[in-house]
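Take a look at the structure below.
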Amino acid sequence: MNSVTFSEIERVRNRPGFLQRIETWRQSLPWALTLLAGLPLLVLALHLIDPDTPMPYLVVPAVVGGLLPICMLGPGRFEMRTRFDAPHMLERLDEALATLGYRRSVADSTSIRYFRPRPWLRGQEGAIDVAVSEHVLEIVGPMGSLRLLQHRMTC
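Using this note's numbering, the first residue of the sequence shown is number 1136, and each one after it goes up by one.
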């Protein structure tokens, strides 16, 4: 892995307001259900621990902390550069994505698409696209998945 360099993960802003896309809302279904069930229980538990604490001091931090994961659903991109031919890195990329639950769906000589089968995702929602060139792999997908992928590839 010494011959591979990673760029920083950057947000892809090809549309204003990525939250307007329906697939982003469908990806957030498990998060929304957890938020709806977990936040009231968390606030109740904290209130039972210290009943004298004003409710805004409990509710506001819980809601802000619960909303932060939505930032991980937006699209992002990064590049992997290698001194060797990029297609040789695809095997390592396949292994890393397989550990994250992704499967290869579409592949040709210049691009590959990976998807994660989940019951709440339809088709290719939350997919990762890889553009293959001679010494560079450009990877585009959800920010959270890209962070996990980059971590898996460096370990």
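For every residue, glycine included, the Cβ atom is placed at its ideal position computed from N, Cα and C. These numbers were taken from a predicted model, which means no experiment stands behind them.
Item: Three-state secondary structure assigned by DSSP to glutamate 1273; Value: strand
Item: Selection from Gly1211, Thr1245, Thr1188, Pro1165 that minimises the alpha carbon distance to leucine 1225; Value: Thr1245
Item: Phenylalanine 1153 (DSSP reduced to helix, strand or coil); Value: Note on phenylalanine 1153: pLDDT 48, under 50, position unreliable in the model; the coordinate value appears next. Phenylalanine 1153 falls in the helix class under three-state DSSP.
Item: Beta-carbon proximity list for glutamine 1285, same chain, < 7 Å, skipping 5 on both sides; Value: Phe1141, Ile1144, Phe1213
Item: Reference valine 1167; option with closest CA among Asp1185, Ile1247, Pro1204; Value: According to the sequence provided, residue 1167 is alanine. The question's valine does not apply to it. Out of Asp1185, Ile1247, Pro1204, Pro1204 has the C-alpha closest to the C-alpha of alanine 1167.
Item: As assigned by DSSP and simplified to three states, the class of arginine 1146; Value: strand
Item: Beta strand (DSSP E) runs wholly inside the region 1179 to 1260, at least 3 long, in chain order; Value: 1210 to 1217, 1238 to 1242, 1246 to 1250
Item: Range of the contiguous beta strand (DSSP E) that encloses alanine 1262; Value: Neither: alanine 1262 is in no beta strand (DSSP E) and is coded neither H nor E.
Item: Contact check, threonine 1234 vs arginine 1287, beta carbons under 9 Å; Value: yes
Item: Host alpha helix (DSSP H) of serine 1280 (start-end); Value: 1278 to 1289
Item: Alpha carbon of alanine 1197 to alpha carbon of proline 1186, nearest angstrom; Value: 16 Å
Item: Leucine 1164 versus leucine 1202: straight-line alpha-carbon distance, rounded; Value: 13 Å
Item: Cα-Cα separation between glutamine 1155 and leucine 1183, rounded to whole angstroms; Value: Note that glutamine 1155 scores a pLDDT of 49, beneath 50, so its modelled location is shaky; the value from the coordinates is reported in the next line. Looking at the two C-alpha atoms, the distance is approximately 38 Å.
Item: Within 9 Å, strictly: CB atoms of glycine 1209 and methionine 1278; Value: yes
Item: Counted within 10 angstroms of its Cβ, other Cβ atoms place valine 1195 as buried (16 or more) or exposed; Value: exposed
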